[in-house]
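Please read the structure below before turning to the comments.
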Amino acid sequence: MNLFKKLFSSRQKLNKDSKKQESPENPTELLMVKLFFGDVPSLDDELIEKELRLRFNKIEFPETYDKKSNSRHYFFKDYEVKFPEGNIPAQATILLPNEHKVDYSELTTSCRQSWNWRKAEETVKKCSYEVLITDVMSRNLDHKLRIEYFQKFASSIVSAMKPAAVWVRNSEVILTPSDFIKKSSQNNYQNINTFMNVRLFNIQETEDEIIMDTLGLHSLGLPDFEFRFTNCDPQKIAGLLFNYSNYIFENGVVIEHGNTIEGIE
């Protein structure tokens with residue numbers, strides 16, 4: 301009897317430990333977008349401010365603004381981030397690198413996986429300049445509010461600066477500026493249309509096996525999905541992945557280890 305209790309207790313501990321290992325949490329990541337230009341980009345502060353005020357009610361510009369510098373920093377008081385030490389507004393930056401050089405090597409996978417724009421690679425390789433925009437101090441925000449304010453910010457900068465192409469680093473997708481603005485603004489900017497991509501890879505070791513996955517949800521602390529399959533229509537799998545991703549975005553991390561989810565049939 302004592303031996304049975306000991307074995308049962310050990311099994312319970314193993315089950316708990318395995319659940320912890322099999323259900324990891326994704327740490328949130330910096331949200332990052334790069335804009336690519338054929339000609340030297342410039343920061344038109346008046347136009348940028350105009351676009352920002354179309355989307356935000358409360359914007360704060362630092363008094364120490366140096367208009368001659370290659371960076372800008374903004375505070376968005378509509379979005380308050382809570383910390384143990386106190387609350388601060390969500391922030392975002394624009395950075396023009398000192399060296400005008402595009403690293404095409406980091407775009408290789410993105411060019412192959414940007415399904416909605418076949419001329420993505422051709423367009424980017426004609427560009428010689430880039431601008432980086434990121435969020436700052438916003439990881440503690442609810443994921444919906446975080447993506448909302450940052451997509452508002454990114455859309456404002458894209459509208460003002462008019463790049464040739466937009467690269468969303470978190471989802472590794474390249475979009476036309478108009479497509480980025482259109483997709484990111486849907487549902488009042490609370491969506492993952494640009495910050496989540498469905499990718500497809502052929503497995504070299506086999507003839508028919510395919511991997512399809514999502515990329516981007518992890519940046520918001522949410523799980524991404526992966527399918528490995530044969531003899532299935534990739535379009536149907538892509539549809540499932542989009543549905544799962546939107547469900548997770550709307551409801552949070554509600555799919556637990558051991559749960560089943562709807563399949564193709």
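Heads up, our numbering is the position in the sequence shown plus 300, with the first residue counted as 1. Ideal Cβ positions, reconstructed from N, Cα and C, are used throughout, including at glycine. In this text the structure is predicted, and so the values were computed from the model without any measurement.
If you draw a straight line from the alpha carbon of residue i to that of residue j, how long is it in whole angstroms?
i           : j           : result
residue 318 : residue 548 : Residue confidence is low: residue 318 scores 46 on pLDDT, short of 50, so the model does not pin down where it sits. No coordinate-derived value is stated.
residue 478 : residue 333 : 15 Å
residue 347 : residue 336 : 18 Å
residue 428 : residue 555 : 44 Å
residue 468 : residue 507 : 31 Å
residue 415 : residue 385 : 44 Å
residue 494 : residue 484 : 6 Å
residue 509 : residue 471 : 23 Å
residue 496 : residue 352 : 24 Å
residue 545 : residue 447 : 14 Å
residue 445 : residue 433 : 18 Å
Using a 10 Å radius around the Cβ and a threshold of 16 neighbouring Cβ atoms, would you call residue i buried or exposed?
i           : result
residue 400 : exposed
residue 321 : In this prediction, residue 321 scores a pLDDT of 47, lower than 50, which makes its location untrustworthy; the coordinate-derived value is nonetheless stated afterwards. Answer is exposed; the Cβ neighbour count stays below 16.
residue 245 : Nothing about residue 245 can be read from this structure; the chain reaches only from 301 to 565.
residue 474 : buried
residue 357 : exposed
Ignore the nearest five residues each way along the sequence and tell me which others in residue i's own chain have a CB closer than 7 Å to its CB.
i           : result
residue 553 : 522, 523
residue 279 : Residue numbering for the chain in the displayed model covers 301 to 565; residue 279 lies beyond these limits and cannot be assessed.
residue 341 : 396, 429, 431, 461
Just to confirm before moving on: does the CB-CB distance between residue i and residue j stay below 7 Å?
i           : j           : result
residue 355 : residue 452 : yes
residue 431 : residue 396 : yes
residue 519 : residue 329 : yes
residue 492 : residue 458 : no
residue 514 : residue 501 : no
residue 377 : residue 360 : yes
Skipping 5 residues on each side, what residues in its chain have a beta carbon closer than 8 Å to that of residue i?
i           : result
residue 411 : 420, 421, 424, 474
Just to confirm my understanding: we take residue i, look at its own chain, exclude 5 residues before and 5 after, and list those with CB closer than 6 Å. What are they?
i           : result
residue 528 : 511
Inset, instruction - Indicate whether the contact test is met: 3 or more Cβ pairs, each with one atom in the stretch 429 to 445 and one in the stretch 380 to 393, closer than 8 Å. - result: Three or more beta-carbon pairs separated by less than 8 Å link the stretch 429 to 445 to the stretch 380 to 393, which places the two stretches in contact.
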